[in-house]
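Participant: One structure is given below, represented as structure tokens, and several questions about it will come after.
Protein chains: 2
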Amino acid sequence: MQRYFIPPEQLGEHSALLTGDDAHHAVRVMRMEAGDCVIVSDGVSRAALVRAAAVTPSRVEADIVEWLPMNGEPRWSVTVAQSLPKGDKMELVIQKGTEIGAAAFIPFQSERMIVQYDSKKEAKRIERWSKIAKEAAEQAHRSRIPPVAAVQSWRGLLGEIAGYDLVLFCYEKENEAEQAGLRAAIHAFRSSHRALSDNELKVMLIVGPEGGFTEREAAEAEAAGAVLAGLGKRILRTETAALVGLACLMYESGEMGGV
Amino acid sequence: MQRYFIPPEQLGEHSALLTGDDAHHAVRVMRMEAGDCVIVSDGVSRAALVRAAAVTPSRVEADIVEWLPMNGEPRWSVTVAQSLPKGDKMELVIQKGTEIGAAAFIPFQSERMIVQYDSKKEAKRIERWSKIAKEAAEQAHRSRIPPVAAVQSWRGLLGEIAGYDLVLFCYEKENEAEQAGLRAAIHAFRSSHRALSDNELKVMLIVGPEGGFTEREAAEAEAAGAVLAGLGKRILRTETAALVGLACLMYESGEMGGV
């Protein structure tokens with residue numbers, strides 16, 4: 002069934018209101034008529050099955066049929082920190098990352114970043130990225146929309162590390178033998194933190210730009226508490242690395258059974 | 002270091018020859034000069050470090066410096082069978098799937114496929130997909146180029162199942178409780194097939210089109226020996242499902258350590 006995230010103030014105790022793009026999509030694209038049902042959520046704590054009562058292309062008033070459980074979220078909260086990639090790759094990371102189950106996105110700047118960061122364009126880009134996250138969350142039946150943070154500096158990102166249980170820094174050392182793979186790194190963490198509840202694990206996955214991280218950045222991340230982890234011996238493009246790391250974290254945390 | 006897959010007959014005992022697009026890329030894009038080194042491979046069984054001797058934009062003659070091990074391939078051989086998706090999504094599946102480590106790709110037709118299959122365009126599409134696989138394999142430092150098969154019928158695909166050790170059919174049953182997740186399905190297989198060497202496991206991952214598989218297709222795949230497996234409770238787009246399933250298989254098989 003079609004889902005829409007609406008502003009919390011438009012989701013009342015007995016009724017819901019779709020406006021703007023959502024109303025347009027429901028009426029013009031999905032051809033909604035009075036009597037049709039959709040799912041609406043405030044993207045934070047409430048979701049409901051609602052039935053359309055009054056329908057116009059700019060405004061749909063609907064009645065609450067039933068409150069629904071907010072159970073579209075993964076057990077682990079995984080924030081994807083992605084150094085700004087070229088072109089529209091950040092859009093791919095946000096769209097696919099939202100489907101796979103990312104809890105949030107933090108774009109950040111790093112030394113070997115190829116793209117020229119333009120702070121004047123930032124508001125517009127964050128707005129666009131947030132819209133992509135909303136649409137992907139609706140399509141994937143997520144209960145929440147993963148927020149896209151403002152672009153952080155490298156120092157700013159390092160300062161965030163302490164707030165997470167586990168921070169995985171995707172990195173391939175020159176001498177592969179020294180480097181633990183992602184799975185080895187997660188297993189080492191889990192066996193040394195048995196007291197941590199798996200259900201509340203807060204993880205950050207840090208992915209470098211096309212040019213990779215510098216040795217100094219790797220050392221600084223490690224000093225701040227991140228664990229260096231490789232994604233295997235094939236060289237992944239930056240946007241692929243984020244999605245592979247995220248998929249593996251979902252797999253490891255039991256989203257696909259087998260725990 | 003830059004890598005090129007060249008035809009086997011152009012990789013001799015003491016010398017290698019780059020022609021066509023490869024020579025153009027080396028000379029015009031990478032600005033190769035005599036004395037520069039690259040890695041060449043026949044994409045099947047041999048790879049070597051070579052040094053350019055005679056350079057023109059259409060032809061680079063190079064001397065073998067050192068034969069290299071063919072060690073860019075994953076332990077498990079995973080074939081991605083993807084029902085033809087819309088637009089250029091098959092290109093994304095082949096590009097990213099090659100990076101992640103797919104052994105081969107089999108495009109196939111299924112009932113709810115949205116795209117109109119056009120057999121007259123097939124040769125051209127396979128050629129384009131194969132080129133994408135070659136370029137992604139070079140970029141990812143693979144030892145082999147994953148072949149892209151001709152488009153199979155649904156019956157044709159079912160006939161392939163018996164040739165694999167494990168066939169995972171990505172499918173979400175209406176009643177989620179009946180459905181094993183991918184990880185549960187793999188663990189069940191491994192515990193009931195302990196005699197099989199992990200290093201030689203031949204796996205097929207079958208992914209449906211945008212409209213999903215029909216119940217009948219799921220039943221037919223199961224009857225042919227496939228295991229139905231879910232990728233979690235979020236709804237993944239078809240191209241995301243292929244990449245997530247493949248990433249999880251690489252993770253499970255030990256490509257990221259921790260075995």
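Top to bottom, those sequences are chains A and B.
First residue of the first sequence: 2, per our numbering; consecutive thereafter.
First residue of the second sequence: 2, per our numbering; consecutive thereafter.
All C-beta atoms in this analysis are idealised placements derived from N, C-alpha and C, irrespective of residue type, glycine included.
#1: Where does T99 of chain A fall in DSSP's three states?
#2: Any idea which residues DSSP pairs V56 of chain B with across the strands?
#3: Within the 8 Å Cβ cut-off, does H26 of chain A reach chain B?
#4: Is the beta carbon of R32 of chain A closer than 8 Å to that of S254 of chain A?
#5: By DSSP, does L202 of chain B sit in helix, in strand, or in coil?
#6: Within 10 angstroms of its Cβ, does A55 of chain B collect 16 or more other Cβ (buried), or is it exposed?
#7: What does the alpha-carbon distance come out to for the pair I236 of chain B and Q96 of chain A?
#8: Give the residues from the region 241–253 of chain B that approach chain A closer than 8 Å (Cβ to any Cβ), ordered along the chain.
#9: What would DSSP say about G258 of chain B, mapped onto helix, strand or coil?
#10: Distance, Cα to Cα, G44 of chain B vs E211 of chain A?
#11: Taking Cβ positions, are A163 of chain A and A230 of chain A nearer each other than 8 Å?
#12: Cutting at 8 Å between CB atoms, please list the residues of its own chain near V204 of chain B, excluding the five before and the five after it.
#13: Rounded to whole angstroms, how far is the Cβ of Q117 of chain A from the Cβ of S154 of chain A, which I believe are closer than 8 Å?
#14: Suppose the cutoff is 6 Å on Cβ atoms and the five residues either side in sequence are ignored; what does the same chain contact list for E256 of chain B look like?
#15: Could you name the residues that DSSP lists as bridge partners for W68 of chain B?
#16: Would you say E100 of chain B and R238 of chain A are within 8 Å of each other, going by their C-beta atoms?
#17: Roughly how many angstroms separate the alpha carbons of A252 of chain B and L202 of chain A, rounded to a whole number?
#18: By the criterion of Cβ-Cβ separation under 7 Å, what are the contact partners of L232 of chain A in chain B?
#19: Below 8 Å CB to CB, which residues in the same chain sit around P148 of chain A once its five sequence neighbours on both sides are set aside?
#20: Any C-beta of chain A within less than 8 Å: which residues of the region 88–109 of chain B qualify?
#21: Taking 8 Å as the CB-CB limit, is H188 of chain B close to chain A?
#22: Along chain B, which residues have their Cβ under 8 Å away from the Cβ of I236 of chain A?
#23: Enumerate in chain order the residues of its own chain whose CB-to-CB distance from R143 of chain B is below 6 Å, with the five nearest sequence positions on each side excluded.
#24: Where does G209 of chain A land, buried or exposed, given buried means 16+ other C-beta within 10 angstroms?
#25: Run through DSSP, which three-state label would G44 of chain B get?
#26: Could you name the residues of the same chain whose beta carbon sits closer than 7 Å to that of L93 of chain B, not counting the 5 residues immediately before and after it, in chain order?
#27: For T20 of chain B, report the span of its beta strand (DSSP E) as first-last.
#28: Residue range of the beta strand (DSSP E) that V5 of chain A falls in?
#29: Do you know offhand how far G233 of chain B's Cα is from Y172 of chain B's?
#30: Along the beta strand (DSSP E) that carries Q117 of chain B, what are the first and last residues, could you check?
#31: With 9 Å as the C-beta to C-beta threshold (strictly closer), list the residues of the region 182–213 of chain B near chain A in chain order.
#32: Identify the contact partners of I73 of chain A in chain B, using a Cβ-Cβ distance below 7 Å as the criterion.
#33: What is the rounded straight-line gap between the Cα of Q125 of chain B and the Cα of D23 of chain B?
#34: Give every residue of the same chain whose Cβ lies closer than 6 Å to the Cβ of K90 of chain B, excluding the five residues on either side of it in the sequence, and list them in chain order.
#35: Sorted by chain position, which residues of the same chain lie with C-beta nearer than 6 Å to A248 of chain B's C-beta, five sequence neighbours on each side aside?
#36: Compute the beta-carbon to beta-carbon distance between A48 of chain B and L19 of chain B, rounded to the nearest angstrom, for a pair I have assumed lies under 8 Å.
Facilitator: With the structure as the only source:
#1: helix
#2: B:V61
#3: no
#4: no
#5: coil
#6: exposed
#7: 12 Å
#8: T241, L244, V245, A248, C249, M251, Y252, E253
#9: coil
#10: 25 Å
#11: no
#12: W77, S78, V79, T80, Y165, D166, L167, V168, L169, L250
#13: Not quite, the Cβ-Cβ distance comes to about 15 Å (not below 8 Å), so this is no contact.
#14: P75
#15: B:A49
#16: yes
#17: Note on residue identity: the sequence assigns Tyr, not Ala, to residue 252 of chain B. Taking the straight line joining both Cα atoms gives about 20 Å.
#18: M257
#19: A105, F106, S131, A134
#20: K97, E100, I101, G102
#21: yes
#22: E100, Q140, A141, H142
#23: G73
#24: buried
#25: coil
#26: E240
#27: 16–20
#28: The sequence as given places Tyr at residue 5 of chain A; Val does not occur at that position. Segment 4–6, the beta strand (DSSP E) holding Y5 of chain A.
#29: 10 Å
#30: Q117 of chain B -> no beta strand (DSSP E), and no H or E assigned at all.
#31: G182, L183, R184, A185, A186, I187, H188, A189
#32: Here residue 73 of chain A is Gly; the residue named in the question, Ile, does not match the sequence. Result: K234, R235.
#33: Strictly speaking, residue 125 of chain B in this sequence is Lys, with Gln absent from that position. Looking at the two C-alpha atoms, the distance is approximately 20 Å.
#34: E240
#35: I101
#36: Their Cβ separation, rounded to whole angstroms, is 14 Å, which puts A48 of chain B and L19 of chain B out of contact at 8 Å.
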